[in-house]
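Protein chains in written order, with our numbering: chain A, 1330 to 1657; chain B, 1330 to 1657; chain C, 1330 to 1657; chain D, 1330 to 1657; chain E, 1330 to 1657; chain F, 1330 to 1657.
No residue lacks a Cβ here, since even glycine has one placed at the ideal position from N, Cα and C.
Notes follow the structure.
And the structure:
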């Protein structure tokens, strides 16, 4: 039995496995958020949620009906039914140069101490990692971009390690990047980043081809007594395009660039209509996970076909067992 | 209240909006033409219809079961139920060299005076704009190709402007062209074309990314008291291919290369199964519109997933309002 | 009336045409094998079956949940309900160097005399044609790879011709090959191959565009009194990827590199959900056919969307008629 | 003995063949214009000259030291030593929209009656064919662009044929076009163009691979008693890029889209240092030819390596003999 | 008259302009270092030199005869004749993980206070910016990589600005990057970097096409009374590959991400044989500059055709004049 | 001291090393065959020579002035001055189907017993390995193509090994193949080939990047007391195209798919003008070697820039020493 190190979340969204197989199972009423998540949305996906107050708050990627990509606040009592605002987030605080907003997408939210840090893919002449925070999901302060372009999928750890803030990211290029490994970077102050280390990359050959084109961090890493559980996405290139699937890895607690285990088998993949059909077919893209330390329950929020938002469930034990049985 | 300048069409196919949202709403019984539109068809899409006699006539793109692309005549009493001939159109009249028929696709039909002009993508060593006409949809006369290759989406205006015939087109390359802007050309005689002008092109950046790869004219422009309403297609390149959506623009009445307004938000996009799944997933491609000047009603015919034909409805006021509220 | 030259197979899986059109019709309960064909499978497709004992045996391509490609034995009483083993095939016999197993996919099974020969796409530094045999579907002997890389879709004839074993194949490159013609090779001993001849290739222009990108042999050729019936796949490149369809050709009985007839129209194409949606959308890929010489019935097994396995039916007369009426 | 139909030009630049082989021979003092053709030039190439007054005038492509492409007037007494102006040409007369000047390159000059018509690759949202004229090489009037984009290498015939102006061109795409055939277009008024016909294209296979990627017209066609002599460029794609060579064709006098003969062997190819080394290695690109009807002499001006300008010589008889002996 | 703010260097390598034109002129005896710069070299280029002791020291990119890329120390009395060591540099000090050495190339050397900082393109799973220093060119200490991959052309400023170290770089992809803008990053400690700002990028259109594909910083910026003079490389894509040329920009002294002037015309380009012919034709790539504050003399070291090393000269006044007369 | 196992060749072309460095040195009067090797040639390169009679015979690749690729016989007294026939080789004997001649290039000649076997890249619907023989260089018999397409650089061993003929080749694709490893195939009869084995491939990373894109066998392997010396070509992809260099490997005498040593450093690379400039810049491509068993001398014939033919010298000891000192 593994233990999640974190807070209890008795109201975590949850549905028992029933007769569903596999390390992760879908919510029966998926998708939980459809195309019309707010008034302007063409699609709502690749979004991040956290416990907030008595319920939940989230930062959502809504592509508008002009297909402009931006991030919006939303709230929910139960983590399943969401009310998303119709206006995108406004940040204050950073240098004017940084507050310029070319585009924003694929947010993550990470609570560190009393702040909810938001990271997202931020258009500053090219995609890089934007960083900001809020304490109330009403006022948002933007900090410096963490890195130079080109970068995507910046994911913070929920506490300092060795007195340094730690962020995963996936250096990219300026298009639909056909490569991508996960690196880690460290910072004293959330402003200057360094001590970059390679974490893990794509897998060549036939062993684990679902993650042969690129891999990128998904939800905020989950601290356990055995290390950090990292749910991530992996991509293969078929003759008809990319397929995005989900995997899991276990990173060393103190040196999280050291990989203790990593899934050879995916943990979720496009099977359902809403995952296979949409603006970008065949995408399951995890961006957030809620956890309950008491029960070990994990609820994963993931984008489906770049169109809608799905919810899936697992437990820390299910993931650990998967890592033991289906590891690279 | 805007006015369509044109004929009344009391028998225009029509279904009220009901509780559907957006500037354009789908017909409940879509697709109106399935794969088996005629005996040889693999798919029927990107086709053009006009009022004719007491009912309607149309020129249909049917890809055969050998996936050869050709155009066929069809007739309908109500604009919804169509009988399409099993043999493709035969033209007479033009130079032998021009009558050669490598392939024909994506027709438009435009009534000017008493002739129904047909334009289509015509294979003459490469794709260019074929031009012909009929008065009875039985006999068809082919004229010279309007332009040099490579060109697609040639769309005539329904009357001369400044004493010249006017045609929109989208210059292309010899493949699945990853670029494309709309130009206008003018002619005294439908044979020699010149005075080419740029009309509008793709939109860079995040503002209106659905039209960032290419744009091309759709149905024959609709004359209104405020200018020409042009329904067009716009394309984005995702990591898994193109998505074709619909937009609308308002062109100056006398200098139609001047754009008075242009939609930032799309007006229709692949949402339904028959639009998202098919020989080419994620395509909604408008090629014709019926209008009723009395009511301002507009019925749009559009190809779905390069496989079947859909019908959607709007009004001149809905489109004008969309242009006012969601303009670039 | 054409005749299949071969054995009777009174228990051939069969369903009457009913009111279905076209030369080939689908089984109503398709797909007959879903994603969960065995314990490890992500997908089961592009697989080969033969009569064996009182029922049927087969070699199945199961991509695992790590998306590793391998081949597995399965058995069935009725050819429809299959039990597939959970462990991939183990070969013995060949040189150690050849027994190395980088990946294996797209198997075919061909009974010649008393041996069931298996050919597949075999990873030996790159894709080439692996060859092995079994007599009992329990013990498997691997022979030398037939060819140098890069090759795929190696398909044996079910008897020697002119005292030589004969194999079709589709030379390829090292990726999602955007070209491909069918060649034939000959051998005295199943070890050394030569006398390579071109059989047929892609079709340019508008005549038969469904087979304009690549073509490759499907099931073991079916001997008839008029020649060898070859069911094959053809591929077109759309702006959103490849579409795989099925065709049929008639090859000369004694000089099978001579094509007597070849279908201009496809005989089956992706129409159904399970053919259009899946890990690789829009694929129908035939790999095996059962035949009953008494009735002329043919049951075709084909991969659907690189995800599941479908079954379709036809007769030798239906195919011959198709070739007469829709030939290139 | 063939005859050039045209004016005498006793002062045509000329150098006897000496012991040089081949249908065309180089001037000993090549290049005749170096990189520093005028004050701003990085390179001077792909330029056009005509007899003018007692000497010669020309329109030169000079790429500046900012590598902006523009066209400049130059004058010469002997056709070999040139004085090129330091300011690019200014046109008047056309619609403001057309006078916009994004870029201009690869000019040709064609005397028809008393006007010197200039055609060039004109940047109007994309490359197309600009048209203008002068009578004195001091004042320049610009007309409408002949065609829609994308087009290059527009070359006029030196007189009307069948009462129509006639222009060759090579439809292109928006990059370093990897394809290209020669078409012909016709006009009553130099403003509206139509009756487009295919002239000739690339050659597939091994027969004449130097012209397998693209072909385009070079100098103004030379009228002879046997038809129009067209010197053109042909391009092959090697693993290290394009190689541009020169060929010759004979077009029908009255229906110049009919090809009477066409060279299988090139007539000039990059051999010399200044042709093989420069801003674009391995280019010989002919844009102009002077002819003397009395002697049959032809002086060809050609761009070398997109860097400097070369001069080469031939005679109408040499070219006709080449066409007889080395024709496709 | 502009002033270089820096040290005197009376022994700066120098040759008067003579009758050479342009803002920069070549040394008559170029290349100063040939292919055989040391025992193992295939080529010596893109290298950095600084005054050291009574002469000069340098860090040289030598590609070996196995075409492995590494950096080597060299020394010279006069800055022209160099003795380069046969063994590559060995660093100590950094984390083992960082000392791993996949490849190293394109070094720059920057004296800040009493340390000579070296930056280079460092292979750490992918190209990024390696950082180290020496005080004696015998012992070398490596620091953390400045950035995540993918990055190249990291160039330090020779003093802190606003109490921060400042580095220019050109974020890239994992191949022969076809894009590239210059960004600036800042650091308190040479270990953690942030406050990334865009400096300048490529130029679209015809204005300055030599820098339309990518731009990257070259030598250490030269401080003047008017700001920082930055010599940089710009690249255009021709149909036969990239051409690398040199330009100059003037950056604001205190906010060096603000561009005060930038050259429209290049200042040096491949003209000479050793620049046009070599392992990569048509490359002039500046990596170092010596300056003499007393006279304003500047000696530029630049790689030629990725094969040999050239030397060129200019003065601060020549560059400032160029910026005044040929600015974007 | 190593020994060549073979015949004496006292009249081997030879020039002492002088002060030239490296394992292989060039002939001073290179190129020995220019562009005008015969009457029709545009270029003569990638050609094969053998001792014959009192002098030498060869099979030459001459690309004609139409850039058609074919092979021609030539003779020489001294191996340096060659007389090449003006008509390409005519074969007899094989199946009509095989005698079809789409194109032929890059020949090798291998004496086995009393026959001179010729292998070349043969156009049979696509590139594959043609095989023929002669005894007198007047009459030529063509055999079956050894392999299916796509293949190039087929190189025979000069005697049977383990009673089987043995051939190296480099499987390819249908273009300017950007990959390529060396395989070996075996045959009892020169007609049916099998027992294909991987020999060696490209080298990833920085260790030996000159051979990172593709490698292919060059001259007939040279038998020595230590194994087979194989001179081969290796290719790197720069931003401006491929560079072809030469390396050497030592293969096991009895199991020649086993590599005993392989050069990390190239043995010859494009340095000279005639190697760096030509129809394909930067190519040195070895196709033949003469050897003298008495002295250990080796004379290598190699194509230069796909334009002319060069000669270079080495000895078995030089190559063995290179392998000892610069091995992977």
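- With a threshold of 16 other beta carbon atoms within 10 Å, residue 1650 of chain E falls short and is exposed.
- Considering only F/1347, F/1558, F/1439, F/1357, the residue with the shortest C-alpha distance to residue 1378 of chain F is F/1439.
- Residue 1562 of chain A is bridged by DSSP to A/1545, A/1575.
- For secondary structure counted as the beta strand (DSSP E) over 3 or more consecutive residues, the region 1443-1500 of chain C holds these complete runs in sequence order: 1444-1452, 1456-1463, 1469-1471, 1480-1485, 1494-1500.
- Membership of residue 1427 of chain B in any beta strand (DSSP E) is not indicated; the residue belongs instead to the alpha helix (DSSP H) covering 1425-1428.
- Cβ-Cβ distances below 8 Å link residue 1613 of chain D to 1562, 1573, 1574, 1575, 1597, 1598, 1599, 1604, 1631, 1632, 1633, 1639 in the same chain, with the five nearest sequence neighbours on each side left out; the list follows chain order.
- The C-beta of residue 1502 of chain A comes closer than 8 Å to at least one C-beta of chain E.
- Using beta-carbon distances, residue 1587 of chain C does not count as an interface residue toward chain F, since no partner is under 8 Å.
- Non-local beta-carbon contacts of residue 1355 of chain C in its own chain, meaning distances under 6 Å to residues more than five positions away in sequence, involve 1641 in chain order.
- Of the candidates E/1418, E/1381, E/1395, E/1418 places its Cα closest to the Cα of residue 1389 of chain E.
- Per DSSP, the beta bridge partners of residue 1515 of chain B are B/1495, B/1523.
- Secondary structure of residue 1568 of chain F (DSSP, three-state): coil.
- Assignment of residue 1330 of chain E by DSSP, reduced to helix, strand and coil, places it in the coil class.
- The count of Cβ pairs closer than 8 Å, one atom from the region 1520-1527 of chain A and one from the region 1514-1528 of chain E, reaches three, so the stretches are in contact.
- With its beta carbon less than 8 Å from one in chain B, residue 1565 of chain C belongs to the interface.
- In this structure, the CA atom of residue 1552 of chain E is about 12 Å from the CA atom of residue 1618 of chain E.
- Using a C-beta cut-off of 8 Å, the region 1473-1485 of chain E makes contact with the region 1470-1489 of chain A, since at least three inter-stretch Cβ pairs fall below that distance.
- For residue 1516 of chain C, the chain F residues whose C-beta falls within less than 9 Å of its own C-beta are 1521, 1523, listed in chain order.
- With the criterion set as a beta carbon lying under 8 Å from some beta carbon of chain F, the region 1573-1586 of chain E has no members that meet it.
- Residue 1583 of chain B carries a coil assignment under DSSP once its states are collapsed to helix, strand and coil.
- DSSP places residue 1604 of chain D in the helix class (H, G or I) of the three-state scheme.
- When rounded, the separation of the alpha-carbon atoms in residue 1342 of chain B and residue 1433 of chain C is 55 Å.
- The Cβ-Cβ distance between residue 1513 of chain F and residue 1532 of chain F does not fall below 8 Å.
- In this structure, the straight-line span from the alpha carbon of residue 1412 of chain A to that of residue 1456 of chain A is close to 28 Å.
- Neighbourhood of residue 1436 of chain A in chain B, by CB distance below 9 Å: empty, with the nearest CB roughly 15 Å away.
- In the structure shown, residue 1373 of chain A falls within a strand segment according to DSSP collapsed to helix, strand and coil.
- Residue state for residue 1591 of chain A is assigned as strand, using DSSP reduced to three classes.
- Separation of residue 1517 of chain C and residue 1566 of chain F (C-alpha to C-alpha, rounded to the nearest whole angstrom) is 42 Å.
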